[in-house]
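Below is one structure; the comments refer to it alone.
Protein chains: 2
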Amino acid sequence: MATGRTHRPATRSRGIPEATVARLPLYLRALTALSERSVPTVSSEELASAAGVNSAKLRKDFSYLGSYGTRGVGYDVEYLVYQISRELGLTQDWPVVIVGIGNLGAALANYGGFASRGFRVAALIDADPAQAGKMVAGLPIRHTDELEAIIEDNQVSIGVIATPAGAAQEVCDRLVAAGVTSILNFAPTVLSVPDGVDVRKVDLSIELQILAFHEQRKAGEDLGGAVAPTSLPKAAVDRSERPGPDGDVPVVMPA
Amino acid sequence: MATGRTHRPATRSRGIPEATVARLPLYLRALTALSERSVPTVSSEELASAAGVNSAKLRKDFSYLGSYGTRGVGYDVEYLVYQISRELGLTQDWPVVIVGIGNLGAALANYGGFASRGFRVAALIDADPAQAGKMVAGLPIRHTDELEAIIEDNQVSIGVIATPAGAAQEVCDRLVAAGVTSILNFAPTVLSVPDGVDVRKVDLSIELQILAFHEQRKAGEDLGGAVAPTSLPKAAVDRSERPGPDGDVPVVMPA
DNA sequence: CTATCTTTGTGCACGCGTTCACAAAGACAT
DNA sequence: ATGTCTTTGTGAACGCGTGCACAAAGATAG
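Sequence order for the protein chains is A and B. So for the first sequence, full-length UniProt numbering puts the first residue at 1; every next one is plus one. So for the second sequence, full-length UniProt numbering puts the first residue at 1; every next one is plus one.
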């Protein structure tokens, strides 16, 4: 086991690069599909193309997990499914709460991909008293007042925030105070959290804006350069229309 | 304008790094908030903290756009909002179609962040005939048969796919054939597209799995290493439970 | 048992992105 | 006009991630 007493005791040589971790779910999905078709083994080449990456990258990624392949043959599908699942922590049950049950929250609650990956929706929480008790995806909506108790009772360590931007930080603070240490944030805000808490952000608007950039670039190339006047007087900012009264409200609000 | 005749004619020195492009929407949001509060100028330090990045990175990012700041003072908020908007292509109107109007599709249709950024939902499209005509977010759901005509009539170049995984590739192919060159994909599948077409992927399940990985790592450190048996016989794969009949179905299906 | 053939695992080099640290630029006071 | 003080813009170093290319490993056939 080669101790190697650094300041980071446990994880030892488990220095799996973040980029690799982000791809493991991709491999896992491809492998699961193969498993369902009862395919016994895959080569790095096949699996890579199914996952949409190149084979060298895939092999290097797997090398961080250990030597699970057989030269001349490939990888054992079932075995690899298990190893990746274990590495990602999907062999255990992860209770999650979803806060903010608007369209998006409801969509998340109904998402089949959660249950099949070891995630269990422990509760749906919303700030609107009128929503309380309504059933969504087979679960009753609980009121925000109960948040702390729910987290405690179910030993929830992962929270999903699908509230409007304005409510997100407060919800985040309460989740963290109650013991949540991982947050998936759909609200268009920068959340500030103490050290030791992980936040991942999904922002629909940002993705579209990135697409628009490339779309514009493509269009600009077509008409041979000179896209727009590059310099204009500093005063000439006539974006008079306000960006909308909604402070970047996400999909839907609780009320 | 310093021609510089490379094989990429138009964009010239517009070599804005991808990582920078991905952050521009973040800055834009922070700046918009400042603009609404009528703040005239910001320093890189203030803006960086509002956007959740460090100031050196922000300054370097802005340096790719040009010298829009004033030393000793900071950046003019309104001017910067305009410049970034223009760079991202948000000063023009982008008609988008959303295909697959389940919970997620409906959530996207209702998303306020689109309209306020120059994106206009041109149409909602679903494969289920029973859904056709129903109103969602003030728009009638159209049937998939009309897809090509809708793209053509509205000059749509950006498509959003919110269908089940099984339908995604076919929808994608039709969108591309009809002229769409940018796709935002919410279905948990790898889409294959011809060169010149951009695809961005948003996968809810993957984000949660990445969180689970870190969560497990944190838990493992707490109990001082030795998380789980690292080696076990290759045969000992007893993940008997099937990963679920759903082939990783996204939020909701059309029917 | 030996030879051949397939496919993994990885050393190495390269390029992109991040961060540091500072000189240059300008505002502002005197 | 001169000096001080703030903040930008960027050169340079560093580290991570990617992809190439090949040696090592093992399967398989004769």
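Backbone N, C-alpha and C define an ideal beta-carbon position, used for all residues, glycine too.
Just the C-alpha distance for L65 (chain A) and A50 (chain A), rounded to the nearest angstrom, thanks. 20 angstroms
Other residues of its chain near Q169 (chain A): CB distance less than 8 angstroms, five sequence neighbours each side excluded: T189, L191 and S192
Just to confirm, are D126 (chain B) and G100 (chain B) a CB contact at a threshold of 8 angstroms? yes
Report all residues from its chain with a CB closer than 8 angstroms to the CB of E148 (chain B); omit the five preceding and five following residues, and keep chain order. R174, A177 and A178
What residues from chain A crowd round I158 (chain B), counting only those whose CB sits closer than 8 angstroms? L208, L211, A212 and E215
Is the Cβ-Cβ distance between F213 (chain B) and L208 (chain A) less than 8 angstroms? no
Own chain, CB closer than 6 angstroms to I141 (chain B), minus 5 neighbours either side, in chain order: I101, L124, D126, Q131, A132 and K134
Chain-ordered residues of the region 55-70 of chain A with a beta carbon less than 7 angstroms from chain B: none
Contained beta strand (DSSP E) runs [length at least 3] in the region 111-169 of chain B, N- to C-terminal order: 119-126, 139-143 and 158-161
Nearest neighbour of A137 (chain A), chosen from A:S67, A:Y111 and A:A33 [CA to CA]: A:Y111
Classify K234 (chain A) as helix, strand or coil using the three-state DSSP reduction. With a pLDDT of 39 at K234 (chain A), under the threshold of 50, the modelled position of this residue cannot be trusted; read the value that follows with caution. Coil, per DSSP.
Between P40 (chain B) and S63 (chain A), what straight-line distance do the alpha-carbon atoms span, to the nearest angstrom? 52 angstroms
Own chain, CB closer than 6 angstroms to R117 (chain B), minus 5 neighbours either side, in chain order: L90
Alpha carbon to alpha carbon, how far is L139 (chain B) from E87 (chain A)? 45 angstroms
Which residues of chain A have a Cβ atom closer than 9 angstroms to the Cβ of K218 (chain B), listed in chain order? S157, T181, S182, G196 and D198
When you compare the CB of P25 (chain B) with every CB in chain A, is at least one pair closer than 8 angstroms? yes
Could you have a look at R71 (chain A) and say whether DSSP puts it in helix, strand or coil? coil
Of the residues B:A56, B:L80 and B:V96, the one placed nearest Q155 (chain B), counting alpha carbons only: B:V96
Completely contained beta strand (DSSP E) runs for the region 26-80 of chain A, where each covers 3 or more residues: 74-76
Nonlocal neighbours in the same chain, by C-beta distance under 7 angstroms from F114 (chain A), ignoring five residues either side: V121
By a C-beta neighbour count over all protein chains shown, 10 Å radius and 16 as the cutoff for buried, is R29 (chain B) buried or exposed? buried
Between B:L204, B:T181 and B:D145, which lies nearest to A162 (chain B) when the distance is taken from Cα to Cα? B:L204
Within its chain, find whatever has a CB closer than 7 angstroms to the CB of Q83 (chain A); leave out the 5 residues flanking it on each side and keep chain order. L65 and Y68
Any C-beta of chain B sitting closer than 8 angstroms to the C-beta of S205 (chain A)? yes
Could you check how far apart the C-beta atoms of L31 (chain A) and V81 (chain A) are, in whole angstroms? I think they sit under 8 angstroms. 5 angstroms
When burial is assigned at 16 or more other CB atoms within 10 Å of the CB, is P25 (chain A) buried or exposed? buried
Please list the terminal residues of the continuous beta strand (DSSP E) segment that includes L184 (chain A). S182 to N185
Residues of chain A with a CB under 9 angstroms from the CB of L34 (chain B): which are they? The contacting residues do not exist; L34 (chain B) stays about 12 angstroms from chain A at best.
With a threshold of 16 other CB atoms inside 10 Å of the CB of N54 (chain A), please say whether the residue is buried or exposed. exposed
Nonlocal neighbours in the same chain, by C-beta distance under 7 angstroms from P129 (chain B), ignoring five residues either side: H143
Since I151 (chain B) and V180 (chain B) are thought to touch, with beta carbons under 8 angstroms apart, how far apart are those beta carbons, to the nearest angstrom? 6 angstroms
Mind reading off the beta-carbon distance from I158 (chain A) to C172 (chain A)? Whole number of angstroms is fine, and I expect it under 8 angstroms. Wrong, their Cβ atoms sit about 13 angstroms apart, outside the cutoff.
Close beta carbons around I16 (chain A), own chain, < 7 angstroms, minus the five adjacent residues each side: Y64
Through-space distance from D61 (chain A) to T20 (chain A), alpha-carbon basis: 6 angstroms
Tell me where the alpha helix (DSSP H) around L108 (chain A) begins and ends. N103 to A109
Please decide whether L88 (chain B) counts as near chain A, where near means a Cβ-Cβ distance under 8 angstroms. yes
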